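**Student:**
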Ligand SMILES: C[S@@+](CC[C@H](N)C(=O)[O-])C[C@H]1O[C@@H](n2cnc3c(N)ncnc32)[C@H](O)[C@@H]1O
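Numbering (full-length UniProt numbering), first residue to last: 1 to 265.
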């Protein structure tokens with residue numbers, strides 16, 4: 001994910017030094033072994049050092065978003081790196097440390113409508129903090145897989161599962177867009193249509209997943225330009241729209257609502 005995207009959609013960047021000055025830092029992301037990320041059967045494990053770093057530099061938050069029943073470790077104004085120089089942040093841009101409006105809407109919808117996931121398999125693509133995957137587990141999904149290309153997101157998800165007394169689900173950190181997938185009952189994507197190229201790739205790949213496996217696809221989005229102008233729009237069905245809490249509005253460029261869409265090509 002390029003820095004310009006981060007800056008572009010984070011009004012919030014004007015207040016948070018880390019976010020404001022975050023650079024294209026993929027090359028700064030340490031090797032998985034160095035940062036304490038290990039995978040056995042797809043589940044992330046944290047070494048004490050990495051756990052300490054994440055706990056020290058995030059705050060447990062359950063307010064200001066649409067799902068107060070889910071606690072999350074997020075970057076808040078009380079965290080050191082809110083003001084600290086971004087250069088001192090040793091990993092890639094911490095997108096996982098924000099609970100984005102699209103993910104909030106999806107999670108709210110899943111918690112309020114557990115039948116959507118109950119006893120089914122759910123893939124949360126671009127899962128970030130993991131809230132939507134956690135909502136799926138809480139609502140009775142039989143199998144949940146989170147996918148995010150940022151390995152630190154995988155570690156944050158372990159902490160967030162613990163916070164919510166949810167058994168950690170597998171997380172895969174390779175890019176699976178355009179790959180052949182197993183049959184998932186449902187794919188959920190929160191705030192993933194923020195970049196034209198990514199939106200195009202997702203569109204083609206999701207259509208293939210639906211045609212091949214009959215997968216259901218739900219997309220959460222607050223109305224980002226790349227989403228509203230994309231030709232996927234003609235194949236979307238509005239499921240529900242949520243008014244966003246004030247603090248989420250302030251942190252997200254004034255977006256006042258977030259909508260869950262069903263993609264039905
Ligand atoms: C805007 S955040 C949304 C996070 C979460 N879904 C939410 O709504 O809070 C986008 C996330 O997608 C991840 N991402 C970007 N490109 C990806 C890709 N090709 N495959 C999987 N994850 C990706 C980023 O690392 C980031 O965590």
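Just so it is clear, CB atoms sit at the ideal spot from N, CA and C, and this is done for glycine as well.
In this text the structure is predicted, and so the values were computed from the model without any measurement.
Enumerate in chain order the residues of its own chain whose CB-to-CB distance from residue 177 is below 6 Å, with the five nearest sequence positions on each side excluded.
**Tutor:** Position 177 of the chain shown, counting from 1, holds the residue named residue 177. So the qualifying residues of the chain are 201, 205.
**Student:** Would you mind giving the Cβ-Cβ distance between residue 166 and residue 134, rounded to the nearest angstrom? I have them listed as a contact below 8 Å.
**Tutor:** Mapped onto the chain shown, residue 166 falls at position 166. Mapped onto the chain shown, residue 134 falls at position 134. About 5 Å separates the two Cβ atoms, so the contact holds.
**Student:** Return the chain-ordered list of same chain residues with a C-beta closer than 6 Å to the C-beta of residue 78, the five sequence neighbours on each side being excluded.
**Tutor:** Numbered from its first residue, the chain shown carries residue 78 at position 78. If we look at residue 78 and ignore the five residues flanking it on each side, its Cβ neighbours are 59.
**Student:** Who are the Cβ neighbours of residue 68 in its own chain at under 6 Å, not counting the five residues just before and after it?
**Tutor:** Position 68 of the chain shown, counted from the start, is the residue given in the question as residue 68. The answer, listed in chain order, is 62.
**Student:** Pull up the distance between the alpha-carbon of residue 114 and that of residue 141, whole angstroms please.
**Tutor:** In the chain shown, the residue the question calls residue 114 occupies position 114. In the chain shown, the residue the question calls residue 141 occupies position 141. Going by the C-alpha atoms only, they are around 8 Å apart.
**Student:** Might you give, ordered along the chain, the residues of its own chain that have their beta carbon closer than 6 Å to the beta carbon of residue 184, omitting 5 neighbours on each side?
**Tutor:** For this step, residue 184 is matched to residue 184 along the chain shown. 121, 123, 215.
**Student:** Quick one: Cα of residue 210 to Cα of residue 195, how far?
**Tutor:** The sequence position of residue 210 within the chain shown is 210, counting from 1. The sequence position of residue 195 within the chain shown is 195, counting from 1. Distance between the alpha carbons of residue 210 and residue 195 is about 22 Å.
**Student:** Take every Cβ of the stretch 101-108, pair it with every Cβ of the stretch 156-163, and state whether three or more of those distances are shorter than 8 Å.
**Tutor:** Not touching, per the Cβ criterion.
**Student:** Is it buried or exposed, residue 180, if we count other Cβ atoms within 10 angstroms and call 16 or more buried?
**Tutor:** As a position in the chain shown, residue 180 is number 180, starting the count at 1. Residue 180 is exposed by the Cβ-count criterion.
**Student:** So who's on the other strand from residue 124, going by DSSP bridges?
**Tutor:** The residue given as residue 124 occupies position 124 in the chain shown. The partner list for residue 124 (beta bridge, DSSP) reads 146, 188.
**Student:** On the three-state DSSP scale, how would you describe residue 172?
**Tutor:** Residue mapping note: residue 172 aligns to position 172 of the chain shown, counting from 1. Reduced to three states, the DSSP call for residue 172 is strand.
**Student:** Under DSSP, the alpha helix (DSSP H) around residue 202 begins and ends at which residues?
**Tutor:** The residue given as residue 202 occupies position 202 in the chain shown. Element bounds for residue 202: 196-213.
**Student:** Are residue 128 and residue 81 touching if we call contact CB-CB under 8 Å?
**Tutor:** Taking the first residue of the chain shown as 1, we reach residue 128 at position 128. Taking the first residue of the chain shown as 1, we reach residue 81 at position 81. Not a contact, by the Cβ cut-off of 8 Å.
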